[in-house]
Each structure stands twice: as structure tokens, then as C-alpha cells.
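Trainee:
What follows is the structure in C-alpha cells.
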């Protein structure tokens, strides 16, 4: 306990601030203050709150640095390395591949940004940080990040548990599989061995339960409770201590709710006998026999108001653009209403000199502002039905991809912005590696790195920012 009294308030609090700032991730601070006046009390509270805000701000700054300047893999034609938005070399090219990239993984419990990459040398996998330091050496046949910096590595057909934060292999490679973490604060995972399952604490590498069950699972709504099944009988164990909470004698165990989110466990026997248990694993009785219980998270449907008759707001218009070939490179584009038979024609646009005309799907807009992909003298461009040229006829091909247009010229690839129809990158790329880029994008902290993985004519590979076409390859 720390006692603060009279004018001695500042020196102890300064010690608290320093200790808390340095060791907040290791200690839970318990503070009891005894004061002679309300003023001293408010001073102490103010100082204490400021120290907390400064600590969180410091951690947020660490996180935002990597978040604002995320790392990007690149390939120099021989090996893979890591760069940043300024094209500075963070990790020199030395790996045969970077299979999975994790950018600024935010640990909600420590406010720390963790960044790492899974890399391959030859046929072996390992993990590195953004300075190129080995989090685990390239000794594994298979390496996968599971959660919270915990990974599983495969050696000689068996899995080991690794902690990428502490850079340690937590267990030997003795498990057939490791998967599925609980939603509690402890890193509890399921493990398989010789056809049986159990739980393990990935922080300590110690088994929470023996690996003796036919199946283990997690109980919805009860983060620290595990469901175990053996010989077709169910029971419950604590994921914190491994202690048996309900014995392996029940045919089914189901989490239920009595009101709000008051969880009640229903354990049923095949004979028809049903027992009810509260959070403290004491048997409880219900006067109605549990008829008003419902499954956890099985909320009743909300009553829906009937939509009044009349036009629906936001529905798609029945008007469409129909394109008719007239011959001799002449075309007619009609704005038609399909609700009428024959269709009612609102506008007609005449086009000539184009070998092909195709409508580009866009958001709903007036007909004269629609976009048409056309070809003229062997070149592709984009126009409006009025004949207004939007993209000049200089490309060998134009292909719409999501919110962008991929352009091709003389075997090279470029990109156009699909919204404002401006050039992001002229056709100077060998190709855009969309599938490979997706692998990196799904691994990033924001769901997308806002960049494409591209290959240059000289064989180099790296990311290109979608907003401005900037190539993130050192030396470019």
C-alpha cells in the first residue's frame, strides 16, 4: 500500500508515475490515499490521471508510427526485403519469399504495435521483425501465425508452439495440430496428439488439461470455460486452472440465458433428467422448469414496421442504356424504360467510327454521363453517349477492375482511377500481381495496404500505392 498525506503528496506520486510508466505492463497498481484535505486529494487524483494519459499517449505514439509508415515487402530481382513509404531499406533483400506479412498488429492488452514478417530461406520458414532480427530462425517446414504473436511451427511432421514476441519456442514439436484460441485474456489453444485433444497455455507451454478427450471446444458466452467430450459424455473445465467444473456424465451441455445475459448452464441426461447450474456451478431450480430460458445470444426478433405502400426509395431505376449496332461502325444508344412494352425511349444518341461499343457498369447516373468503352482504329478509349472523349484512344486495351481501370500498351500495364478517370500509373509495368497482392493485403492491419503488388519489366517486384502510383521499391 502507498499512503499519501499532507505536503508529502508530490514525491510519492512522482515515484508512482515513474514506476507505473516503466512497469505498467507488468504490475497492477493498487493505490490507497489518505489525505487531510479535499484539495490534496484532487491534486493527487489529477497527477495520477495525467500519468495514465501520458502512458497511453506514449504507447499510442509507438503504434501510430508504424501505422502511418507501414512496411512493404519488395523484390530486387534476386531476394525479398522490406522497405517503407520513403523507399528506405528496412530489411535488406535476403529471403526467397515473404509469405505472410503482418503490419502493426495492435495488442489490445498492452497497447503495443507488433510488426513481423514470416519469411522463407530455401525450404525453411522463420519470422523476423522490421529491423531484420530473427524472431525465430528459418528452421520450420511450415509456420503460421495464430493469434497475439503466437505461432505454430512444423518440424518432422509435428507442431511446436512459438511466441514471436519473446522469440522463444514454447513447446517441443510434439503435437499433431495446434489451433483455435479462446476469447479470454490468456492464450489458451486446443492441441491434438495421437487422436486426442486437450488445452494448452501458449504463454507457459504447460497443458491446462491432459490430452485425453475425444473433442474439446469453447463455450459461447463463457470465455474461461472449456467443453470436453469423452466417450460421448460432456463436461466442463476451467481454462484457467484445468479444474473440472462439471463431470463427464452429461449427454448435452448448453449455455442458456434467464434474463439479459445471465448465463445458466443446462446439462441434460439421455434419461430425460435436466439440471441447471449458475456461474458458481451451484445447481439451481426454476419454478417453471426452465421454460423461459433461451439459448445464449438467441435474441427474439424485433418487431418490424410494415412499409407503407407507394414508391420505394433507393430502388434501381427501370431505365437502361441499350446499344444497337447499325453497321459500318455506326451505333445507336437508346435510353429506354423496360417497364413499358414496347420500351419507352427517352433519349437516343448516335455514334459513328467505332468498331465496338460496350457499356461500362457504373453507379446510377443520367444517361448522358454514362461511360462507354469503345475501340477506334484498333485503340481503346472511353467516351460518353454524347461522343465526349473521356479517355483518349491510345491504349491497346482497357479493362475495368473494381474501382479502377487497367490499361495495356505495347505489352505494358498501367492503371486509371475509376472514379475521377485520371492516370494513376502510365503503362510501364510488366504486370499487376493481383492474387499475390491479396495475400499481403489480407495480412495487413487495416484489411488492405491500399497498394498493388506489381512487377517491373526488369523483374523487380514491390507495392504501388493506389492513390498516386508511387512505387515502393528502393532505388526507383
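In our numbering, the protein residues as written are 897 to 1372.
Using N, Cα and C, we set each Cβ at its ideal position, and we do this for glycine too.
Here the structure is a predicted model, which means the values were calculated and not measured.
#1: Which value, in whole angstroms, describes the spacing of the CA atoms of residue 1136 and residue 1128?
#2: For residue 1270, tell me which candidate among 1251, 1142 and 1045 has the shortest Cα-Cα distance.
#3: Just the C-alpha distance for residue 1273 and residue 1360, rounded to the nearest angstrom, thanks.
#4: Of the residues 1024, 1078 and 1090, which one's Cα is nearest the Cα of residue 1058?
#5: Among the residues of its own chain, which have a CB less than 8 angstroms from the CB of residue 1348, if the five just before and after it don't count?
#6: Do you know offhand how far residue 1119's Cα is from residue 1277's?
#7: Would residue 1018 be called buried (16 or more neighbouring beta carbons within 10 Å of its own) or exposed?
#8: From the DSSP output, in three-state form, read off residue 1363 for me.
#9: Within a Cβ cutoff of 7 angstroms, which residues of the same chain sit near residue 1355, ignoring the five residues on either side of it in sequence?
#10: Residues in the same chain with beta-carbon distance under 6 angstroms from residue 1124, minus the five sequence neighbours each way, listed in chain order, please.
#11: Can you tell me whether residue 1183 is helix, strand or coil according to DSSP?
#12: Which same chain residues, not among the five before or five after residue 1294, have their C-beta less than 8 angstroms away from its C-beta?
#13: Does residue 942 come out as helix, strand or coil in the three-state DSSP assignment?
#14: Nearest to residue 1044 by CA position, among 1064, 1161, 1021 and 1083, is which residue?
#15: Where does residue 1069 sit, in a helix, a strand or coil, going by DSSP?
#16: If you follow the beta strand (DSSP E) that residue 1113 is in, where does it begin and where does it stop?
#17: Please report the residue range of the beta strand (DSSP E) in which residue 1143 lies.
#18: From this set, 1170, 1353, 1262 and 1153, which residue's C-alpha is nearest residue 1145's C-alpha?
#19: Let's see if you can read the secondary structure: which residues bound the beta strand (DSSP E) around residue 1231?
Mentor: The answer reads as follows:
#1: Taking the chain shown and counting its residues from 1, one reaches residue 1136 at position 240. Taking the chain shown and counting its residues from 1, one reaches residue 1128 at position 232. Approximately 24 angstroms, taken between the alpha carbons.
#2: As a first step, residue 1270 must be located in the chain shown, where it is residue number 374. Comparing Cα positions, the closest option is 1251.
#3: Here residue 1273 refers to the residue found at position 377 when the chain shown is read from its first residue. Here residue 1360 refers to the residue found at position 464 when the chain shown is read from its first residue. Straight-line Cα distance between these residues: approximately 32 angstroms.
#4: Counting from one through the chain shown, the residue named residue 1058 turns up at place 162. With distances taken between Cα atoms, residue 1058 lies closest to 1024.
#5: As a working note, residue 1348 is residue 452 in the chain shown. Here the set comprises 1311, 1328, 1329, 1330, 1333, 1359, 1360 and 1362.
#6: Position 223 of the chain shown, counted from the first residue, corresponds to residue 1119. Position 381 of the chain shown, counted from the first residue, corresponds to residue 1277. Each residue's alpha carbon lies about 57 angstroms from the other.
#7: Here residue 1018 refers to the residue found at position 122 of the chain shown. Looking at its Cβ environment, which holds fewer than 16 other Cβ atoms inside 10 Å, residue 1018 is exposed.
#8: On the chain shown, position 467 is the one that residue 1363 refers to. Here residue 1363 sits in coil by DSSP.
#9: By one-based count along the chain shown, residue 1355 stands at place 459. 973, listed in sequence order.
#10: Sequence index remark: in the chain shown, residue 1124 carries index 228 (1-based). Correct list, in chain order: 1109, 1112, 1131 and 1133.
#11: Taking the chain shown and counting its residues from 1, the one referred to as residue 1183 is at position 287. Residue state, collapsed to three classes: coil.
#12: Numbered from 1 along the chain shown, position 398 holds the residue referred to as residue 1294. Correct list, in chain order: 1269, 1276, 1277, 1278, 1287, 1301, 1302, 1303, 1304 and 1312.
#13: Position 46 of the chain shown, counting from 1, holds the residue named residue 942. For residue 942, the secondary structure class from DSSP, reduced to helix, strand or coil, is helix.
#14: Numbered from its first residue, the chain shown carries residue 1044 at position 148. If we check each option's Cα against that of residue 1044, 1083 comes out closest.
#15: Looking up residue 1069 in the chain shown gives position 173. In the structure shown, residue 1069 sits in coil (DSSP, three-state: anything other than H, G, I, E or B).
#16: One-based indexing of the chain shown puts residue 1113 at position 217. It spans 1111 to 1115 - the beta strand (DSSP E) in which residue 1113 sits, taken as one unbroken run.
#17: To locate residue 1143, count along the chain shown from 1; it is residue 247. 1140 to 1146 is the extent of the beta strand (DSSP E) around residue 1143.
#18: On the chain shown, position 249 is the one that residue 1145 refers to. Measuring from the Cα of residue 1145, the nearest candidate turns out to be 1170.
#19: Here residue 1231 refers to the residue found at position 335 of the chain shown. Where residue 1231 is concerned, the enclosing beta strand (DSSP E) starts and stops at 1226 to 1233.
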